[in-house]
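A.B. asks: Got a structure for you, questions after.
Printed below as a string of structure tokens:
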């Protein structure tokens, strides 16, 4: 869908980049639309859809507040069987063009996570697993299985 | 040569219809077009008025020395078609074996055809992960992801995006992805919502709707495409609009214009 030509022309006329134009109302409608359908909301809560790889991950810090990382070392994806699948990569391995995927290393029902976090009073964005990525970065030479066991025990 | 792979996670979302109509629009604008049926269903030819008894194709054992050029046939509007072939189970298994032995089989065979530099190749690919999808993505300069505006398509977007990412994004000759929402009916709440969500998340410029239009089904039953059957229909306008957006992504010019007031 193209931008309305008049808006594009207006941005050019005031010496602004037309790509900065944003359909605020439409985007607000889309956010409401996500919340209207539970499956769509669940998909977006775990891993928002992007044009390209889902590099934007939600990572919870030590205070329990969620933050987004554009090139995080942790990516969380939802699997088709309604389980949480965890995929961990490290920067070092990515440089070597290797991909380490650990499927089902941690497997929880989404509803379990939601309920648990609700009881703990955490914000909705923290309905993801908490992983301290500094441990992963420093453990790139460690056996991947033991990395997860260690992370899960923390 | 620009290779455009039309893919989807789910079946029945209209990949073949999209491939056929885009091929027609590009051809009518003077481009050299080859439409490749890389799907064992072998149905792309039906959009171009090719004889139902025509059996030769890329997976057919009747080919001499395995050269795909022998299987090219001209369809309506003089579009060049490369059918999959009316194949037996053994022929399909042999073809899968060929793909297993050579992950770049599709691209290498397309190169050997010696198409002009400005040729556009549209590859109709079976739904979901498969050796066919791997070959198609390995060859693609541009990927068109076909979807319905429903939960089934949306729930698989992440998976299909990840496959494109793994196989395409690191290549310097990869130009990007474009998302087609086929048979969009905004009178339904879910369909409108999914279209809005995809537009916001994937970038409005990367998403093109083909509105639900009975003319598309009628055209197929009539043995042609909707561009010919109902040139003034909503779907025809949509296909032209999508062709324009795709042409911008692959860096070619189309002589046609399309004006739509809304998504």
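Chains as they are written, first to last, in our numbering: chain A, 1 to 154; chain B, 155 to 417.
Built from N, CA and C at the ideal position, the CB exists for glycine as well.
On a predicted model such as this, the values are computed, not experimentally measured, just so you know.
1) To the nearest angstrom, report how far apart residue 360 (chain B) and residue 153 (chain A) are at their CA atoms.
2) Using a Cβ-Cβ distance cut-off of 7 Å, determine whether residue 16 (chain A) contacts chain B.
3) Quick one: does the C-beta of residue 197 (chain B) sit closer than 6 Å to a heavy atom of the ligand ADP?
4) Which one or two residues does DSSP pair with residue 278 (chain B) in a beta bridge?
5) What is the residue span of the beta strand (DSSP E) that residue 113 (chain B) lies within?
6) What residues from chain B crowd round residue 47 (chain A), counting only those whose CB sits closer than 9 Å?
7) How should residue 356 (chain B) be labelled, buried or exposed, when 16 other C-beta atoms within 10 angstroms of its C-beta is the threshold for buried?
8) Expressed to the nearest angstrom, what Euclidean distance is found between the alpha-carbon atoms of residue 284 (chain B) and residue 7 (chain A)?
9) State the DSSP-derived secondary structure class of residue 338 (chain B), mapped to helix, strand or coil.
10) Which bits of chain A does residue 371 (chain B) rub up against, with CB to CB less than 8 Å?
11) My parser needs the beta strand (DSSP E) runs of 3 or more residues fully inside the segment 218-259 of chain B; what are they?
12) Determine whether the Cβ of residue 258 (chain B) lies closer than 7 Å to any Cβ atom of chain A.
13) Figure out for me which residue from B:381, B:300, B:279 and B:304 has the closest Cα to the Cα of residue 292 (chain B).
14) Are residue 183 (chain B) and residue 408 (chain B) touching if we call contact CB-CB under 7 Å?
15) Give a yes or no on whether the minimum CB-CB distance between residue 29 (chain A) and chain B is below 7 Å.
16) Under a CB-based cut-off of 7 Å, is residue 394 (chain B) close to chain A?
17) Can you tell which of B:213, B:229, B:179 and B:221 has the C-alpha that lies nearest to the C-alpha of residue 198 (chain B)?
18) Spatial neighbours of residue 340 (chain B) within its chain, please: CB distance less than 6 Å, with the 5 preceding and 5 following residues excluded, ordered by chain position.
19) Might you give, ordered along the chain, the residues of its own chain that have their beta carbon closer than 7 Å to the beta carbon of residue 313 (chain B), omitting 5 neighbours on each side?
20) In this structure, does DSSP put residue 348 (chain B) in helix, strand or coil?
21) Taking Cβ positions only, does residue 351 (chain B) come closer than 7 Å to chain A?
C.D. replies: This is what the structure holds:
1) 43 Å
2) no
3) Annotation note on the ligand ADP: not contained in the displayed structure, which lists no ligands.
4) B:160 and B:191
5) This structure does not reach residue 113 (chain B), given that chain B is present from 155 up to 417, and the question cannot be answered.
6) 312
7) buried
8) 43 Å
9) strand
10) Within 8 Å Cβ-Cβ: nothing; residue 371 (chain B) doesn't reach chain A, min ~24 Å.
11) 234-236
12) no
13) B:279
14) yes
15) yes
16) no
17) B:229
18) 346
19) 163
20) helix
21) yes
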